[in-house]
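Numbering (my numbering), first residue to last: 3 to 124. Beta carbons: idealized from backbone N, C-alpha and C, even for Gly. Data first, discussion second: the structure below is written as structure tokens.
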């Protein structure tokens, strides 16, 4: 993945989280739902901090991490991802149809290849 032409290195779980959100763009997921779908836990582990994890991912991909455009917090509900074609467009609230594989480019040796949908249960 690149940001302003520079490679961004994601950990395996950062990639998994970003890929999961992108494949479900526009949907809001609670912390428990993210832990279940990305980490495989049925409930958030004791002492875990998804907020900190999201913050680290935002620092890597957001142009302005303190004012995120992509990974959004839906207060009282959870998180979602929004990818816009043009933020100045009158339709900027509608996520576009960018293919996840074009947005998140897999590169051998950098992080694991995403599993096919049949293996992820998506």
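In the DSSP assignment, residue 59 falls outside any beta strand (DSSP E) and lies within the alpha helix (DSSP H) extending over 52-63.
Nearest neighbour of residue 85 by Cα position, chosen from 23, 11 and 17, turns out to be 23. By the C-beta density criterion, residue 70 is buried, having at least 16 other C-beta atoms within 10 angstroms. Distance between residue 41 and residue 4, taken at the CA atoms: about 24 angstroms.
Boundaries of the beta strand (DSSP E) harbouring residue 81: 80-83, taken from the DSSP string.
Between residue 19 and residue 36, the C-beta gap is smaller than 8 angstroms, which places the two residues in contact.
For residue 74, the enclosing beta strand (DSSP E) covers residues 73-76. Under DSSP, residue 32 takes part in no beta bridge, so it has no partner.
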